[in-house]
Amino acid sequence: MGAEQPETVAAIVAAHRAGTSTPAETIARTYQRIRDANDPAIFISLRDEKDAIAEAEKLAARKDAAELPLYGVPVAVKDNIDALGFPTTAACPAFSYTPAHDSTAVARLRAAGAIIIGKTNLDQFATGLVGVRSPYGIPKNSIREDLIPGGSSSGSAVAVGAGIVPLSLGTDTAGSGRVPAMLNNIVGLKPSLGMISTAGLVPACRTLDCISVFALTVDDAALALSVMAGPDQADPFSRDRPLGALTPFPAKIRLGVPRNGQLIFFGDKKSEAAYAEALKRWTSLGAELVEFDLEPFYETARLLYEGPWVAERYLVIRNLLASAPDSIHAVTREITAAGARLTAADTFSALYRLQGLRKIAERTFANIDALVLPTAPTVYSTAQVLANPIELNSRLGTYTNFVNLLDLCGLAIPAAMRGDGVPFGVTLLAPAGRDAMLASIGRVFHADTKLPVGAKGTAQPPLASLPANAADEIPIAVVGAHLSGMVLNHELKSLNAGLVEATKTASDYKLYALQTTPPKPGLLRVEAGQGSAIELEIWSLSASAFGKFVNAIPSPMAIGTIRLADGRSVKGFLVEPEALGGARDITEYGGWRKYMAEKATA
């Protein structure tokens, strides 16, 4: 491939494995692209080209090289994340230090075969969504040079959008992994909190920070997440959150959209129209759109900068504020200094309110798989933001600031290229742990847009087919309270289960209403022809999640083999016959949902 055309992670790895290109050639193309881009504000520090090529040659000589998931892939790292061999500046020269080792995330990328080529520019101390608050200059937006690049992960997003690297690391506290993704027509994956270790990250708000991923495709971003995900003893905020496999687009998916009149676009009619078109696309793909109340999410967003979390930003730079305040960007200094005035009482008051808002969010997601929102309500030029830095930055966080406070995962995906050449994107949001589900539906949406990837006009690669039955995925049939929308369905979703299909049993079963709390049915196999076909749903779980789920099943429920109407067999819920004393035979309803609906109206 020519130096001017961006390549996906998947294409690079495939070429290296096939021998049609070498890691050294890929790295050489990367440096040629850096020269072609001619933008010194993208990288704060760049590795010597000869050193990077030497590492690529050493990597290719390894016997296991072809087995590495990121074999020879060039990666850029935001300069608030430690990478051995580079200073960490957080875009503040006075703060700069030389790390003794890689951050955990970078170490895992290297172990997977990635080659780190440089550290990218950012809004200083990761404070901002605009990408213009750095003494190292303003990276040029890869789509339209007059537009802001987006921040705080400006350099990382531009490096991918401009086709320099196919993969980069950002961070995301309030939207820094999502807003610049939209502004550069690329994918921004913001994982569940704690899924990627933050050991070796200069914190912005330590309780809310996460390392994020920029890529040209959802599949590439999901691959990078799978490489970096996992608990880490070095990070007290790390969590053991299993990452499921990508699955086919579910038979039923319910996406939340704000109630009429709740969306804010600040007068940007083109973005408003692009969002409406995106919703039509989701519907055409088979999604059901469900209205929800966005106001509690807006209230949560206001807490981030009007509440005590600014004090976390202050903690990071208080010594610098005291000793060398002029070394800090004026806007960053103004925002952060306010954190010194907050009290412990302010903090607890905000935490109490946040807990109430989290409960509201939980109820919202009880009947919705994910929200689909604009990534940002509008777009601004660099000149506009420099003239009004705080207000316009705040507007860009309209749909992003609440996400980490509510412990949600997010996926920002391109949705349209407006008539004026401005990119527009949407973000999928769901409770923590549903990262794979977001990727599974987001990849299909992105492919359906047929948008080019990044800024170079390169067509999207065909959507890779998924394994018919991923090795780690186990199907399970549910007939009662675990059905979608029912009272215990959240237990499946919390384990990142995906709905595969709705179907029926063979005509060899009877269904009983058990005397349990909450109400549950019992499915009993009877002699052939003596029962009825009972409605059920098949969900898919990873092997580890399946084990957790089955281990928590209370008596008198049991897991057995259920025969389906089409002759297939699947593991699923059955009832122990001894538990049927006093249970009502509800077989005539054909399923638990119809029985519960009639009971509710009785």
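So in my numbering, spot 142 of the sequence shown is number 828, and the numbers just go up one at a time.
Just so you know, even glycine gets a beta-carbon here, dropped at the ideal spot from N, CA and C.
A buried status is given to D809, since no fewer than 16 other beta-carbon atoms sit within 10 Å of its beta-carbon.
Counting only unbroken stretches of 4 or more residues, the alpha helix (DSSP H) elements lying wholly within the segment 1050 to 1110 are 1068 to 1073, 1075 to 1082, in sequence order.
When secondary structure is reduced to three states using DSSP, F1232 falls in the helix class.
The beta carbon of A701 sits closer than 7 Å to those of S707, all from its chain and outside the five residues before and after it, given in chain order. Its chain contains T903, V904, D905, A908, L932, L1149 as the residues whose beta carbon lies nearer than 8 Å to that of R1129, once the 5 sequence neighbours on both sides are disregarded; these appear in chain order. Around the beta carbon of F978, 16 or more other beta carbons sit within 10 angstroms, so the residue counts as buried. Ranking K736, R999, E831, A910 by CA distance to the CA of A723 puts E831 first.
The C-alpha of T893 lies about 27 Å from the C-alpha of F729. Inter-segment contact for the segment 938 to 952 and the segment 1045 to 1054 is present: three or more beta-carbon pairs are separated by less than 8 Å. Per DSSP, reduced to three states, the secondary structure at F772 is coil, with no helix or strand assignment. Contact check for P1117 against L1094 passes: the beta carbons are separated by less than 8 Å.
Assigned with DSSP and collapsed to three states, Y783 falls in strand.
In the structure shown, the three-state DSSP call for Y984 is helix. Taking 8 Å as the cut-off, the beta carbon of S731 is found closer than this to the beta carbon of P773.
The DSSP assignment places 840 to 847, 865 to 869 as complete runs of the alpha helix (DSSP H) inside the segment 796 to 880, in order along the chain (cut-off: 4 residues). At the C-beta level, A848 and S878 stay beyond 8 Å of one another. The DSSP-derived three-state label of P1161 is strand.
With contact defined as three or more Cβ pairs closer than 8 Å, the segment 737 to 748 and the segment 797 to 807 are in contact. Shown here for A780: same chain residues with a beta carbon closer than 7 Å to its own, the five before and five after excluded, namely L1006, A1010, S1013 in chain order.
Assigned with DSSP and collapsed to three states, F978 falls in strand. Contact between the segment 914 to 932 and the segment 1021 to 1033 is not established, with fewer than three Cβ pairs separated by less than 8 Å.
With fewer than 16 other CB atoms across the displayed protein chains lying within 10 angstroms of its CB, G1246 is exposed. Around the beta carbon of A1062, a 10 Å sphere encloses 16 or more other beta carbons of the protein chains shown; the residue is thus reported as buried.
Nearest to Y1198 by alpha-carbon distance, out of S839, P1161, G1277, is G1277. By the 16-neighbour rule on beta-carbons within 10 angstroms, N1090 is buried. Taking C-alpha positions only, T1086 is separated from L1115 by approximately 10 Å. Here K876 is buried, its C-beta having at least 16 other C-beta atoms within 10 Å.
Under DSSP, the beta-bridge partners assigned to Y1195 are R1211, S1218. In the same chain as L1137, and ignoring 5 residues on each side of it, the C-beta atoms closer than 6 Å to its own belong to P1100, in chain order.
With respect to the 8 Å criterion, A812 and S862 are classified as neighbours on the basis of their beta carbons.
Listed in chain order, the non-local C-beta contacts of F952 below 7 Å within the same chain comprise P1063, T1064, R1081, local neighbours out to five positions each way being set aside. Three or more beta-carbon pairs separated by less than 8 Å are not found between the segment 1038 to 1047 and the segment 1159 to 1166, which leaves the two stretches without contact. G1171 counts as exposed, since fewer than 16 other beta carbons sit within 10 angstroms of its beta carbon. Its Cα nearest to that of E1262, the residue I1239 stands out among R1254, I1239, R1249. Of the residues I713, A1102, R1254, the one whose Cα lies closest to the Cα of G758 is I713.
Among the bridge pairs identified by DSSP, L941 is matched with L975, A1056.
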